[in-house]
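Colleague: Residue numbers (my numbering), protein chains in the order written: chain A, 1 to 733; chain B, 1 to 168; chain C, 1 to 101. We put the CB at the ideal spot given by N, CA and C, even for glycine. Can you read through this structure? Questions will come right after.
Okay, structure coming up:
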C-alpha cells in the first residue's frame, strides 16, 4: 500500500510545534490552562502522527525511496557554486529520531500538564511555549538537510535549554544554572562551527546529500609543523568538541547536573531523551566523515568510555534523586558515544532510542515522587514508598532493570550490543578495543549498583520520610501515570527490534550506514560462542552490581556503605564533590575571565572611556569654547577691528595679480586667452626669445600670434598691475 | 586752479586728521566742519555746483549741527578719559592694516587718467535734477521713505522712557 | 594738471583716515564723525569719476543719495548714543559690552 506523504508535509512536522510556541507564547496567558495544554500537547502529538506517516511512507516506498526531502527556501549564496538552502531531509535515521522526539515529547508534554498545574497562567503558558519551541528546534536539528540547518536547530535547543533550566528564574541559583548550561554549550558550539567550516573549505558544500560524494577532498593533509592531520581528522575533532558540549561528555559535561534546577519534565525531555542525544545523532549523520579518520573515531570511543565510568563513579554517592539520574545520563551518553565511536552506528542509535524510553521514564517517575513528597528530593529522606505510589514504583523498577541491563529489557540488548562491538570492532590502535571494553564493563557494574541503590532507597525498606509529608502524600494524576506506563512498557519490550543478528532496527538503518560498512567491521571472525560469552559477562556485571546494592542497602540497612565511606573518607569526599571538576574550571576559566572583566571595567571602561574619551572630550570642548569666546567682547570696536583685518586680506587677495591663460593653436597660429583682473596688463613671450610675436604690454587679455607656429613651444605670460607682477609658463603643441 | 585743488585737499585732510585726533568731541565736530567745507570746495572744482551747495546745506548745516546739539545735551560726560591699555595693540594693528589698505588703494589710483572736457550745463541743478527724476527716480522715492523711517526711528530711540502710567 | 588719479588718491587718503578714526577712538561720537568722513571720501570719488566721464550725471546723483542717507544714519546713530548714555551714563564704546560672550 502506497502511502502518500508529500514532501511538504515534512515542513509541517516542525511547523506545528512552532505555531504552538508562537500562540502560547504571545497569547497563552489570556487563553487559560486548558487551551494552552491542548495546543501545547496537541501540536506535538500531531507532529508525532505526521512522523508516523513519514515512516510508513518511507517503509512502503520500496527499494529506491530511502529518503524524503523538501526545500523550504533558498537562504543565501556562499560562493558562486554553493547556494545555502533551508531544507529538510527525512531518511531512515531521521525517521527514527523523529519518532523518538515527537513520541517521547508528546508523553512528556502530557505529563507536564499535571506536573506544572500549580503554576499561574502566565508561567504555565510560558512553560509550554518554551517546550514547544524546544521541540521545534530539535525537529529542525533532526530534519536538517545540511550542516547549517542542523546548526540552527543545535543552537535553538541550546537556547531553549537555557530558558527552561532557568524557568523559575526568580531564584538566582536556577538562573545561574541556565547560564552555565548555555555558556558551556557555547564553548562546544565554537568547536562545531570550526568543524563545519573545515568541512566546507575542503569539500565546498554543507549538504548531507552531496557531502558523501566529495570525500576525497577530506583526506588532504593539513600541516601543523611537526605533525599533520587530515582535514577529516581535524573536522571530526572539532565536531567532537561540539558534541561533548551538547551531549555532556568530558570535558564539557558540567552543565548537566546543574541543569536539574529546572522542572523535572524538562530534565526528562531535554536532558535525557532528546537534546543531549544531538551529539550522537550528529556523529551518526556524519558517519561517512568520521570513518575517514580512525584516529577521531578512537577519540570518540575513548571519550565516551571514560565519561561513562567517570560519571558512574560520581553517581555512586549522590543523594539527590535527580542528580543521580543526571550523572547516569552522562554515563549512558558515554555508551552511545562508544557505540558510534567503534563504528557500530546502529548500536549507538539503538541505545539512544532505548535510553530515551527508560531514562524519560525514570525522570518522570522521580518527578512523580518529588511531586508526591511536595518537593523532597533527598533520597535519604525517602524509602518505603512502594505501597503509596504503586505505578510509579513499578515503572521505576522496570526502567531500572532496563538501564542496568537486565536480560530481555530494551536496555539489555542495546547496551550489550555496544559492549560487544566495542570489544570486537577494529580501531586505530590495537589497545583501543580492550581499553574501551574494560571501561564499559566497569561502568556497567557501577550503573547496576547505583541504579539499584537509587530504587531501593527511594521505594523499599523502612520509610525515612518526614511523617508530616507522608500524611499529605500527593498521588500522581493520571496524566502523569499514563506516560510512565507507556514508557516503561517500551523500556521492557523495545529490545525485540534489536535482537542481535536478527535486528529489525539494524536492517532499517542499513541504507543509511551502508556506505561506511567497508570501513568499519569486526577485527576478525569471532565465533558466536565468543559473543554469547560476552553477553554472559554483561549479565554477570549486572548481577554483581545489583546484588551488592541489595545487600548493602536492604539487608544491612546501608551500614557497609557508611563503613566504606568512613574507611576511605578522602575518596568518598572526592566523589561527593564530583571530583572537584567544577572547582577546577572555576579556577582556570571562570576566575581569570572575571579578572579580565574587572580589569577591563576598572581600567579600560572607567579610565579610558569615561575619563579620557567622555570627560576629556567635554573638557576639550569646554576649554576651546572658553578660549574662542574671548573674541566676543561685545564691544563694537573689537568687531570692527576684525572686520578691518578681513577687509585687508580681501583687498590683498583681490588686487594681487595672478597669471593664468589658456592657449590653442588654430590654423597655424596661437590664440591665447588670459584671465582678467583689476588693472592687469599682459605681455606674451614665445620660447623666451623676447620677439614680439604678440606685441608688447597690452591691456587686452586676448591675443593671436603674428607668426606661424608649429610643433611644441613654450609660451610665457607676464601680468602687470599697479600692485605687482606675476608670470606663468605653459607648453603648447 | 591747481593751487585751489591743493589748498582744498590740505584743508580736507587736516580737518579729517583733526577730527580723529582731537581731545574733545566738540573740537572733533568743528574739525569735521572744516573737512566738509574743504570737500565742498573740491566739488566746485569738479563742476558739481548743486552738490557743493547741498554738501554745505545738509552736511555742514544739519549733520554737524546735530552732532553739536547732542554733545551739548550730553554735557561734560561727552568727554571721556583716555583709552585702556589692552586696546593699544589692537588699535596699533588697526592703524597698520588700514594704512596698508589705504596705500594699496592710493598707489593704484594715482595712475588714473587726465582731465577731459565737459559739456555745457554739466553739474547744474537742471542737469542733476534731470538725472534724479529721470533714471534714478525709484531710488529717490526709496530714499525719501528711508528718511521717514530714520526720523521715526530716531524719535523712538531718543524718547525718554517714562514709568508706567506716567504721561507720555 | 590735476587728473582723476589725484582726486581718487585724495579720496583714498580721506577714507583711510576715517577708517582709522572709527576703529581707534573709543568715543562713539568721534566714531560717528569718522563714519561721516568715510562717506564724504566716497562722495568725492563718485563726483570726481563723474567729472572725468561726463556722459551722464550718475556719479553726482549717487553722491546726492549718499548725502541723504548719511544724514539719516547720523540721526539714528546719535539717537542710539543718547539712549546708550541714558542707560550707561557713558559714551565710551568699550563700556557698551552687554553682548559679551
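1. Would you tell me roughly how many angstroms separate the C-alpha atoms of residue 61 of chain A and residue 54 of chain A, rounded to the nearest one?
2. Tell me which residues share the same chain as residue 14 of chain A and place their Cβ nearer than 7 Å to its Cβ, disregarding the 5 neighbours each side in the sequence.
3. Let me know the beta strand (DSSP E) ranges lying completely inside the stretch 327-396 of chain A, each 3 residues or longer, listed in chain order.
4. Just reading off the alpha helix (DSSP H) that residue 506 of chain A is part of, what are its end residues?
5. Residue 206 of chain A and residue 247 of chain A - do their beta-carbons sit closer together than 8 Å?
6. Just the Cα atoms here: how many angstroms apart are residue 69 of chain B and residue 65 of chain C?
7. Spell out a yes or no on whether the stretch 289-305 of chain A and the stretch 235-243 of chain A are touching, meaning 3 or more CB-CB pairs, one atom from each, closer than 8 Å.
8. Listed from N- to C-terminal order along the chain, which residues in the stretch 22-34 of chain C have their beta-carbon within a distance smaller than 9 Å of any beta-carbon of chain B?
9. So which residues on chain B does residue 596 of chain A lean against when the C-beta distance must stay under 9 Å?
10. Hey, is residue 100 of chain B's beta-carbon within less than 8 Å of any beta-carbon in chain A?
11. Considering only C-alpha positions, which residue in the set A/556, A/242, A/730 is nearest to residue 713 of chain A?
12. Smallest Cα separation from residue 69 of chain A: which of A/108, A/641, A/8, A/538?
13. Within 10 Å of its beta-carbon, does residue 40 of chain C have 16 or more other beta-carbons around it, so buried, or fewer, so exposed?
14. Check whether the Cβ atoms of residue 178 of chain A and residue 245 of chain A sit closer than 8 Å, and answer yes or no.
15. Would you list the one or two residues that DSSP bridges to residue 27 of chain C?
16. So that I know if they touch, is there some Cβ in chain A lying closer than 8 Å to that of residue 94 of chain B?
17. Are residue 243 of chain A and residue 291 of chain A touching if we call contact CB-CB under 8 Å?
18. So residue 123 of chain B contacts chain C; which residues on that side make the cut at Cβ distance below 9 Å?
19. What's the gap between the Cα of residue 378 of chain A and the Cα of residue 322 of chain A?
20. Compute the Euclidean distance between the alpha carbons of residue 92 of chain C and residue 159 of chain B, then round it to the nearest angstrom.
21. Anything in the stretch 639-656 of chain A with a Cβ closer than 7 Å to a Cβ of chain C? List those residues in chain order, please.
22. Spatial neighbours of residue 554 of chain A within its chain, please: CB distance less than 8 Å, with the 5 preceding and 5 following residues excluded, ordered by chain position.
23. Where residue 167 of chain A and residue 512 of chain A are concerned, what is the direct C-alpha to C-alpha distance, given to the nearest angstrom?
24. Restricting to Cα atoms, I'd like to know which of A/202, A/208, A/687 is closest to residue 217 of chain A.
25. Using the Cα positions of residue 258 of chain A and residue 267 of chain A, report the straight-line distance between them to the nearest angstrom.
26. Per DSSP, what kind of secondary structure is residue 86 of chain A in: helix, strand or coil?
27. So, helix, strand or coil for residue 168 of chain A, using DSSP?
28. I need the straight-line Cα distance from residue 27 of chain B to residue 703 of chain A, nearest angstrom please.
29. Tell me whether residue 563 of chain A is buried or exposed, calling it buried when 16 or more other Cβ atoms sit within 10 Å of its Cβ.
30. What does residue 93 of chain C reach in chain A if we use C-beta pairs closer than 7 Å?
31. Counting C-beta neighbours from all protein chains within 10 Å, is the total for residue 589 of chain A 16 or more, i.e. buried, or is it exposed?
32. Does the distance from the C-beta atom of residue 41 of chain A to that of residue 28 of chain A stay below 8 Å?
33. Please list, in chain order, all residues of the same chain as residue 7 of chain C whose beta carbon is under 6 Å from its beta carbon, the five residues on each side excluded.
34. Any residues in the stretch 668-688 of chain A with a beta carbon nearer than 7 Å to a beta carbon of chain B? Which ones, in chain order?
35. Can you tell me the Cα-Cα spacing of residue 34 of chain B and residue 643 of chain A, whole angstroms?
36. Can you check whether the C-beta of residue 632 of chain A is within less than 8 Å of a C-beta belonging to chain C?
Modeller: Taking the structure as given:
1. In the first chain, residue 61 of chain A corresponds to position 61, counting from 1. In the first chain, residue 54 of chain A corresponds to position 54, counting from 1. Roughly 10 Å between the two C-alpha positions.
2. Mapped onto the first chain, residue 14 of chain A falls at position 14. Closer than 7 Å at Cβ, skipping near neighbours: 136, 139, 140, 143.
3. none
4. Counted from its first residue, the first chain places residue 506 of chain A at position 506. Its alpha helix (DSSP H) spans residues 504-513.
5. Within the first chain, residue 247 of chain A is the residue found at index 247, counting from 1. Within the first chain, residue 206 of chain A is the residue found at index 206, counting from 1. Cβ atoms of residue 247 of chain A and residue 206 of chain A: not closer than 8 Å.
6. In the second chain, counting from the first residue as 1, residue 69 of chain B sits at position 69. In the third chain, counting from the first residue as 1, residue 65 of chain C sits at position 65. The straight-line gap from Cα to Cα measures roughly 24 Å.
7. yes
8. 22, 23, 24, 25, 26, 27, 29, 30, 32, 33, 34
9. Here residue 596 of chain A corresponds to residue number 596 of the first chain, with the count starting at 1. Result: empty, since nearest Cβ-Cβ is about 57 Å, beyond 9 Å.
10. Position 100 of the second chain, counted from the start, is the residue given in the question as residue 100 of chain B. Answer yes: the Cβ-Cβ gap between residue 100 of chain B and chain A drops below 8 Å somewhere.
11. Stepping through the first chain from its first residue, residue 713 of chain A is reached at position 713. Of the listed residues, the one whose Cα sits closest to residue 713 of chain A is A/730.
12. Position 69 of the first chain holds residue 69 of chain A. Out of A/108, A/641, A/8, A/538, A/8 has the C-alpha closest to the C-alpha of residue 69 of chain A.
13. In the third chain, counting from the first residue as 1, residue 40 of chain C sits at position 40. Counting Cβ neighbours within 10 Å, residue 40 of chain C comes out buried, since at least 16 surround it.
14. Against the first chain, residue 178 of chain A aligns to sequence position 178. Against the first chain, residue 245 of chain A aligns to sequence position 245. No, the Cβ-Cβ distance between residue 178 of chain A and residue 245 of chain A is not below 8 Å.
15. Translated into positions along the third chain, residue 27 of chain C becomes position 27. DSSP lists C/92 as partners of residue 27 of chain C.
16. In the second chain, residue 94 of chain B corresponds to position 94, counting from 1. Yes, because at least one Cβ of chain A sits closer than 8 Å to the Cβ of residue 94 of chain B.
17. Against the first chain, residue 243 of chain A aligns to sequence position 243. Against the first chain, residue 291 of chain A aligns to sequence position 291. No, these two residues do not count as a Cβ contact at 8 Å.
18. As a first step, residue 123 of chain B is located in the second chain; it is residue number 123 there, counting from the start. Near residue 123 of chain B (Cβ distances below 9 Å), the residues of chain C are 47, 50, 51, 54, 57, 60.
19. Position 378 of the first chain, counting from 1, holds the residue named residue 378 of chain A. Position 322 of the first chain, counting from 1, holds the residue named residue 322 of chain A. Residue 378 of chain A and residue 322 of chain A: Cα-Cα distance of roughly 9 Å.
20. By one-based count along the third chain, residue 92 of chain C stands at place 92. By one-based count along the second chain, residue 159 of chain B stands at place 159. Rounded to the nearest angstrom, the two C-alpha atoms are 21 Å apart.
21. 640, 641, 644
22. Taking the first chain and counting its residues from 1, one reaches residue 554 of chain A at position 554. Closer than 8 Å at the Cβ level, and outside the excluded window around residue 554 of chain A, lie 456, 460, 461.
23. Position 167 of the first chain, counted from the first residue, corresponds to residue 167 of chain A. Position 512 of the first chain, counted from the first residue, corresponds to residue 512 of chain A. Each residue's Cα considered, the two are about 38 Å apart.
24. Taking the first residue of the first chain as 1, we reach residue 217 of chain A at position 217. For residue 217 of chain A, the nearest C-alpha among the options comes from A/202.
25. For the purposes of this step, residue 258 of chain A is identified with residue 258 of the first chain, where counting begins at 1. For the purposes of this step, residue 267 of chain A is identified with residue 267 of the first chain, where counting begins at 1. Cα-Cα distance, rounded: 11 Å.
26. Taking the first chain and counting its residues from 1, the one referred to as residue 86 of chain A is at position 86. In this structure, residue 86 of chain A counts as strand in the three-state DSSP scheme.
27. Indexing the first chain from 1 puts residue 168 of chain A at position 168. It is coil, neither helix nor strand.
28. Residue 27 of chain B sits at position 27 when you count from the first residue of the second chain. Residue 703 of chain A sits at position 703 when you count from the first residue of the first chain. The straight-line gap from Cα to Cα measures roughly 58 Å.
29. Counting from 1 along the first chain, the entry for residue 563 of chain A is found at position 563. Exposed, by the Cβ-count rule.
30. Here residue 93 of chain C is taken as the residue at index 93 of the third chain, counted from 1. By Cβ distance, chain A contributes 635, 636, 637.
31. Taking the first residue of the first chain as position 1, residue 589 of chain A is located at position 589. Answer is exposed; the Cβ neighbour count stays below 16.
32. Here residue 41 of chain A refers to the residue found at position 41 when the first chain is read from its first residue. Here residue 28 of chain A refers to the residue found at position 28 when the first chain is read from its first residue. No, the pair does not count as a contact, with Cβ atoms beyond the cut-off.
33. Taking the first residue of the third chain as 1, we reach residue 7 of chain C at position 7. Once the five neighbours on either side are set aside, the close Cβ partners of residue 7 of chain C are 48.
34. 679
35. What you label residue 34 of chain B is simply residue 34 of the second chain in a count that begins at 1. What you label residue 643 of chain A is simply residue 643 of the first chain in a count that begins at 1. Rounded to whole angstroms, residue 34 of chain B to residue 643 of chain A spans 29 Å at the Cα level.
36. Start at 1 with the first residue of the first chain, and residue 632 of chain A comes out as number 632. Yes, its Cβ sits closer than 8 Å to a Cβ of chain C.
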